[in-house]
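See below for the structure under consideration.
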Amino acid sequence: MTKIEIRRSGYGVYLRIGDRRYGLDRIDSKLDVDYNLISHAHYDHLPTKARGRVIASPETLKLAELRGRRYYNILNEYKDVELYETGHILGSTAFLIEGKVLYTGDVNDNDRIILRGFNPPQADILIIEATYGSPEYIFGEFKRQVNMLLRFISRNIIQGRNIILRAYPLGKPQILSIILKKLRNVYSTKRVERYNNAYRRIAGLKLPEKIVNEGLEEPFVILAASNEDLTYLERYNPIEARLSGWTLKFGGGLPISDHSDYKGLMNIIDKVSPKKIYTIYGYAEKLASILRENGYDAEPLK
Ligand SMILES: [Zn+2]
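Residue numbers for the sequence shown follow my numbering, beginning at 980 and rising by one.
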């Protein structure tokens, strides 16, 4: 039987199947591998310098370049690695490696307007993200998340309140700007528009082009990055809401996420029906222990 070795390396994963060495996402930059598989263009998954030959979706490579990470030595044809859309952000993919090991990267099992929800293949070994791998993180279906947001917006707009919605700038804001297209006075900040524009350019999507400027019409909704300085908007006395699964724990917004919730992760695991599960990121320890209680062979990746 082929020997398989799996362990953490940096922010990523080192995988060895027989003689072949794979680096998954942002591995230690000194580690030698034959292939560097990159699941998506969020910084915590992008290697600063890729190792070996690079496998990633064309969208991921383009978004990475926009974020200052240009990779060389890109492999366009390969037969031992299969890519599956994960529905997390534009271009995000899982990798089925040599038909045996499935690495999810970040996933969302909901269909969301422009992204198809993750529909995983079966695999013997599953390496799955556990960002929200704890039972208190239930966001509900995407439709429910959107309804919650629309109720929040209408409740405040009716009262003439201006609204700022903050989120990680690459991912949610692009989907939400399409959903909110029919509303008047929806603006994106320049930080968000940068990625809106990338979605237009890379995927030919029609995203609205209203950018925050001097002449804001009120009441407005602004899509902004989580950490950008918006003190120049203080005179509008806006109400702010963060859009993130973490708001279930820390408050301050609405649990709208680019990730699967706990239930979604469990559904994915059921579909993959793996013999061995490694959990990674977020609630890795907790999810592994719950899975063990449910009869799976599971452990957090160390
Ligand atoms: Zn991500």
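Think of the CB as a built atom: it goes at the ideal place given N, C-alpha and C, for glycine as much as any other residue.
Since the structure is predicted, the reported quantities are computational estimates derived from the model, not experimental observations.
Straight-line gap, residue i to residue j (C-alpha atoms, nearest Å)
| i | j | result |
| --- | --- | --- |
| I1136 | L1227 | 24 Å |
| L1198 | F1118 | A small correction: the amino acid at residue 1198 is Pro; Leu does not occupy that position in the sequence shown. Between P1198 and F1118, the C-alpha separation is close to 28 Å. |
| R1179 | P1253 | 37 Å |
| T981 | R999 | 11 Å |
| V1125 | L1222 | 11 Å |
| A1203 | E1172 | 9 Å |
| I985 | G1150 | 29 Å |
| K1160 | I983 | 49 Å |
| I1142 | G1084 | 32 Å |
| N1089 | I1235 | 12 Å |
| N1273 | P1114 | 14 Å |
| L994 | Y1001 | 5 Å |
| K1265 | D1240 | 14 Å |
| L1040 | D1007 | 19 Å |
| F1131 | K1122 | 14 Å |
| T1210 | L1195 | 15 Å |
| L1186 | N1176 | 8 Å |
| Y1014 | V1086 | 22 Å |
| D1276 | Y1262 | 17 Å |
| A1267 | K1255 | 11 Å |
| D1004 | A1073 | 11 Å |
| Y1260 | E1188 | 35 Å |
| P1152 | N1055 | 30 Å |
| L1062 | H1238 | 18 Å |
| N1206 | S1018 | 24 Å |
| R987 | L1042 | 25 Å |
| D1023 | P1279 | 18 Å |
| Y1257 | A1035 | 22 Å |
| P1217 | L1162 | 17 Å |
| E1193 | R1091 | 32 Å |
| D1103 | L1128 | 39 Å |
| L1304 | V1060 | A query on residue 1304 cannot be resolved here, the shown segment of the chain reaching from 980 to 1281 and no further. |
| L1016 | R1214 | 46 Å |
Residue i: CB within 7 Å of a non-hydrogen atom of ligand 1
| i | result |
| --- | --- |
| D1240 | no |
| D1085 | yes |
Residue(s) in a DSSP beta bridge with residue i
| i | result |
| --- | --- |
| V1080 | I1076 and I1104 |
| L994 | I985 and Y1001 |
| N1175 | Partner(s): none; N1175 has no beta bridge. |
| G959 | As displayed, the chain neither begins before 980 nor continues past 1281, which places residue 959 out of reach and without an answer. |
| Y1063 | A1073 |
| N1015 | G1002 and V1033 |
| P1279 | T1258 |
| V1191 | DSSP, once it has assigned bridges, lists no residue as partnering V1191. |
| L1202 | L1144 and S1167 |
| I1053 | V1033 |
| R1271 | Note: R1271 sits in no beta bridge, so no partner. |
| R1091 | L1094 |
Any non-hydrogen atom of ligand 3 within 7 Å of residue i CB
| i | result |
| --- | --- |
| R1048 | For the structure depicted, ligand 3 is absent and the ligand set comprises only ligand 1. |
Min CB distance residue i to chain C below 8 Å
| i | result |
| --- | --- |
| S988 | Of the protein chains in this structure there is only one, and it is not chain C. |
| request: Indicate whether the contact test is met: 3 or more Cβ pairs, each with one atom in the region 1245–1262 and one in the region 1137–1150, closer than 8 Å. | output: no
| query | Per the contact definition of three or more C-beta pairs closer than 8 Å, is the region 1026–1033 in contact with the region 1161–1171? | reply | no
| Cβ contact (3+ pairs, closer than 8 Å) linking the region 1224–1244 and the region 1099–1117 | yes
| query | Is the number of C-beta pairs between the region 1087–1101 and the region 1053–1070 that are closer than 8 Å three or more? | reply | yes
| message | When you compare the region 1048–1058 with the region 1149–1166, are there three or more beta-carbon pairs, one atom per stretch, that lie closer than 8 Å? | response | no
| query | Per the contact definition of three or more C-beta pairs closer than 8 Å, is the region 1201–1221 in contact with the region 1180–1190? | reply | no
| query | In chain order, which continuous runs of the beta strand (DSSP E) of length 3 or greater are located wholly inside the region 1094–1167? | reply | 1104–1108, 1142–1146 and 1165–1167
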